[in-house]
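A.B. asks:
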């Protein structure tokens, strides 16, 4: 499925430059990847990269090829199929943090989706909307109006974390700590320093949420985490690792 690249140039940006930027995850690429994606879509929608972590990776930038890859039964998402490589890239705590729907294939994916769907009812989502809007407005109100704003840092990253904390009953200083460590695990660079920071963040989040879940099991309330803890699919509940992830 790899596409043979051509030598055309798009708006002054060449294919070799686009591939190099994606491979190295350069600051310019991270800040605005869209011009690079445009070149890749037009000239090499499937390209093989060897990023800083040293593992050959295919970057797919066009819908048709992405659809074909996602529909191909030879390609799966189960992290456990390559767990040694996963540990080498992201540390040993990643197995706990990533043991979720995004990294699962059927039938396990079906089970996890059913439990999440049972807990996340349409009525529950509707009831959450006013408070989510309140959180969004609170973040926007903090943004300065007389200078440029990094919306990823000021809004797009903290909002989902704040909503998750609300759902799980995490408040105050603990919420600030969760946001701090979560911002570390969402970075996409693979230098040695970044790897050390990533492993530290993963361990903190794993230990924190494991203890938070233990307390919820011992003292159930009416919050969303209690619902997740108590929900079952075919008499099988979520494991602690699945709840953490």
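In the working numbering, the protein residues as written are 1106 to 1350.
Think of the CB as a built atom: it goes at the ideal place given N, C-alpha and C, for glycine as much as any other residue.
Do you know offhand how far residue 1180's Cα is from residue 1156's?
C.D. replies: In a straight line, the C-alpha of residue 1180 is about 20 Å away from that of residue 1156.
A.B. asks: Anyone know if the C-beta pair for residue 1164 and residue 1144 falls short of 7 Å?
C.D. replies: Not a contact, by the Cβ cut-off of 7 Å.
A.B. asks: What does DSSP give as the partner residue(s) for residue 1164 in the beta ladder?
C.D. replies: Note: residue 1164 sits in a beta bridge opposite 1152.
A.B. asks: When the Cα of residue 1332 is compared with those of 1272, 1213, 1117, 1207, which residue comes out closest?
C.D. replies: Closest by alpha carbon: 1272.
A.B. asks: Check residue 1209 in the structure and name its three-state DSSP category.
C.D. replies: In this structure, residue 1209 counts as coil in the three-state DSSP scheme.
A.B. asks: When we look at the beta-carbon of residue 1307 and count the other beta-carbons within 10 Å, is it buried (16 or more) or exposed?
C.D. replies: Residue 1307 comes out buried.
A.B. asks: Would you please state the rounded distance, in angstroms, between the beta carbons of residue 1310 and residue 1288? I believe it to be under 8 Å.
C.D. replies: Contact flag wrong, Cβ pair sits at about 11 Å.
A.B. asks: Where does residue 1111 land, buried or exposed, given buried means 16+ other C-beta within 10 angstroms?
C.D. replies: Note that residue 1111 scores 41 on pLDDT, short of 50, meaning its location in the model is unreliable; the coordinates nonetheless yield the value given after this. The residue is exposed, with fewer than 16 neighbouring Cβ atoms inside 10 Å.
A.B. asks: Is it right to say residue 1276 is buried, meaning 16 or more other beta carbons lie within 10 angstroms of its own, or is it exposed?
C.D. replies: Exposed: under 16 other Cβ atoms inside 10 Å.
A.B. asks: Taking residue 1140 as the reference, which of 1150, 1118, 1131 has the closest Cα?
C.D. replies: Nearest of 1150, 1118, 1131 to residue 1140, Cα basis: 1118.
A.B. asks: Around the Cβ of residue 1209, are there at least 16 other Cβ atoms within 10 angstroms (buried) or fewer (exposed)?
C.D. replies: The residue is buried, with at least 16 neighbouring Cβ atoms inside 10 Å.
A.B. asks: Considering only their Cβ atoms, is the gap separating residue 1244 from residue 1266 smaller than 7 Å?
C.D. replies: Cβ distance not < 7 Å, so residue 1266 and residue 1244 don't count as in contact.
A.B. asks: If you compare alpha carbons, which of 1258, 1291, 1235, 1229 is closest to residue 1330?
C.D. replies: Of the candidates 1258, 1291, 1235, 1229, the one whose C-alpha sits nearest the C-alpha of residue 1330 is 1229.
A.B. asks: What does the alpha-carbon distance come out to for the pair residue 1313 and residue 1327?
C.D. replies: One C-alpha to the other measures close to 21 Å.
A.B. asks: Quick check: what's the CA-CA separation for residue 1222 versus residue 1122?
C.D. replies: If I take the Cα positions, the gap works out to 44 Å.
A.B. asks: Considering only the beta carbon of each residue, do residue 1220 and residue 1336 sit closer than 7 Å?
C.D. replies: Result yes, Cβ atoms of residue 1220 and residue 1336 sit closer than 7 Å.
A.B. asks: For residue 1212 and residue 1251, what's the separation of their Cα atoms in angstroms?
C.D. replies: Between residue 1212 and residue 1251, the C-alpha separation is close to 52 Å.
A.B. asks: Are the Cβ atoms of residue 1207 and residue 1217 separated by less than 7 Å?
C.D. replies: Not closer than 7 Å, so no.
A.B. asks: Runs of 4 residues minimum, wholly inside the region 1262–1348: which ones carry the alpha helix (DSSP H) assignment?
C.D. replies: Counting only runs of 4 or more, we get 1263–1273, 1277–1290, 1297–1323, 1329–1335.
A.B. asks: What does the alpha-carbon distance come out to for the pair residue 1372 and residue 1130?
C.D. replies: Within the shown structure, residues of the chain are numbered from 1106 to 1350, placing residue 1372 beyond reach of any answer.
A.B. asks: Spatial neighbours of residue 1107 within its chain, please: C-beta separation below 6 Å, excluding the five flanking residues on both sides.
C.D. replies: Any reading at residue 1107 must be qualified, since the residue scores a pLDDT of 49, below 50, and its modelled position is unreliable; no value is offered.
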